[in-house]
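Worksheet for the structure shown next.
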Amino acid sequence: KDSLEKLSSGLRINKAADDASGMTIADSLRSQASALGQAISNTNDAMGIIQIADKAMDEQLKILDTVKIKATQAAQDGQTTESRRAIQSDITRLIQGLDMIGNTTSFNGQKLLSGAFTNKEFQVGAYSNESIKASIGATTSDKIGQVRIATGGLITASNTVAITFKNVDGVNDVKLQSVKISTSVGTGIGVLAEVINKSSDKTGIRAVANVISTSD
Numbered sequence: 001k002d003s004l005e006k007l008s009s010g011l012r013i014n015k016a017a018d019d020a021s022g023m024t025i026a027d028s029l030r031s032q033a034s035a036l037g038q039a040i041s042n043t044n045d046a047m048g049i050i051q052i053a054d055k056a057m058d059e060q061l062k063i064l065d066t067v068k069i070k071a072t073q074a075a076q077d078g079q080t081t082e083s084r085r086a087i088q089s090d091i092t093r094l095i096q097g098l099d100m101i102g103n104t105t106s107f108n109g110q111k112l113l114s115g116a117f118t119n120k121e122f123q124v125g126a127y128s129n130e131s132i133k134a135s136i137g138a139t140t141s142d143k144i145g146q147v148r149i150a151t152g153g154l155i156t157a158s159n160t161v162a163i164t165f166k167n168v169d170g171v172n173d174v175k176l177q178s179v180k181i182s183t184s185v186g187t188g189i190g191v192l193a194e195v196i197n198k199s200s201d202k203t204g205i206r207a208v209a210n211v212i213s214t215s216d
């Protein structure tokens with residue numbers, strides 16, 4: 001009977017009575033094989049998540065490149081107030097598109113680029129210690145942009161002003177030429193604006209000086 005059962009199943013071990021230790025090993029191997037199969041599926045999910053996030057961020061980079069081009073376009077004095085407003089409208093729409101990608105890119109209902117996908121664990125092996133963790137930072141405009149604020153005191157006659165913009169590209173500072181500010185012709189606040197604008201290609205910042213006369 002046992003021989004017929006082995007012949008019909010094609011297996012040497014069909015029950016514990018055939019080979020108790022062999023049956024234990026076989027069960028362990030089957031369990032490990034099943035776990036490895038699921039681990040492979042988990043790894044594929046992790047790769048799918050990374051690929052989705054990568055393609056979405058690639059689109060965001062293209063948007064940022066376009067924003068940079070338009071900012072450079074607006075920085076030259078051949079533009080009028082109206083044309084700069086039109087360029088700014090384009091930039092606003094581009095930023096909205098960038099934020100939409102950041103807020104809606106998802107995998108299996110989980111947002112990937114909004115900052116919520118952090119410290120996620122993937123089981124990639126058959127055993128409990130065979131796992132990896134992944135985090136994807138937020139890529140919306142309020143998270144990847146920089147706000148630089150410079151403050152100063154009241155300018156009086158014969159003051160020298162030196163401005164340094166910190167971490168312009170995320171690493172380097174840009175130090176502008178020192179400017180002497182006074183009430184004399186050619187040394188007013190407009191000169192400071194000119195110095196700032198000379199480095200606008202590096203800082204992305206333009207300055208406009210307006211003189212307003214007031215009377216009591």
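The sequence shown stops at residue 216 when you use the UniProt record's numbering, and every number in between is there. Even for Gly, the Cβ is constructed at its ideal location relative to N, Cα and C. Predicted model, so just to flag it, every value in this text is computed and none were measured.
Between the CA atoms of residue j and residue i - distance to the nearest angstrom
i, j, result
"Ala116", "Thr105", "11 Å"
"Ser28", "Asp54", "38 Å"
"Arg84", "Leu64", "18 Å"
"Leu154", "Ala193", "Low confidence applies here, because Leu154 scores a pLDDT of 47, under 50, leaving its location unreliable and the question unanswered by this model."
"Asp58", "Gly109", "21 Å"
"residue 260", "Met100", "Outside the shown range of the chain, which is 1 to 216, sits residue 260, and nothing can be said about it."
"Leu61", "Glu130", "34 Å"
"Lys202", "Ala33", "57 Å"
"Val191", "Gln177", "11 Å"
"Thr139", "Phe107", "16 Å"
"Ala207", "Asp77", "12 Å"
"Gln88", "Lys68", "12 Å"
"Arg93", "Ala86", "11 Å"
"Ala209", "Thr72", "20 Å"
"Asn119", "Asp142", "22 Å"
"Phe165", "Ala126", "52 Å"
"Asn44", "Ile25", "28 Å"
"Ile52", "Ile181", "53 Å"
"Val179", "Leu98", "38 Å"
"Leu112", "Gly137", "8 Å"
"Ile91", "Ile189", "29 Å"
"Asn172", "Thr66", "23 Å"
Simplified DSSP state of residue i, which is helix, strand or coil
i, result
"residue 238", "As shown, the chain starts at 1 and ends at 216. That puts residue 238 outside it, with no answer to give."
"Ile155", "At Ile155, the pLDDT of 49 sits below 50, so the modelled position is not reliable; the number obtained from the coordinates is stated separately. Here Ile155 sits in coil by DSSP."
"Val147", "The predicted model places Val147 with a pLDDT of 49, which falls under 50 and marks its position as unreliable; any figure quoted below should be read in that light. In this structure, Val147 counts as coil in the three-state DSSP scheme."
"Val174", "strand"
"Ala74", "helix"
"Val208", "coil"
"Ala116", "coil"
"Ile95", "helix"
"Gln79", "coil"
"Ala134", "strand"
"Ser200", "helix"
"Ile87", "helix"
"Ile163", "coil"
Classification of residue i by the beta-carbon crowding that lies within 10 angstroms, buried from 16 upward
i, result
"residue 225", "The question about residue 225 has no answer here: the residues shown for the chain are numbered 1 through 216."
"Gln96", "exposed"
"Ile196", "buried"
"Ala162", "exposed"
"Thr160", "exposed"
"Ala56", "buried"
"Ser31", "exposed"
"Ile49", "buried"
"Ser114", "buried"
Cβ separation of residue i and residue j, assumed to be a contact under 8 Å, to the nearest whole Å
i, j, result
"Val174", "Ser199", "6 Å"
"Ala35", "Phe122", "About 14 Å; that fails the 8 Å criterion."
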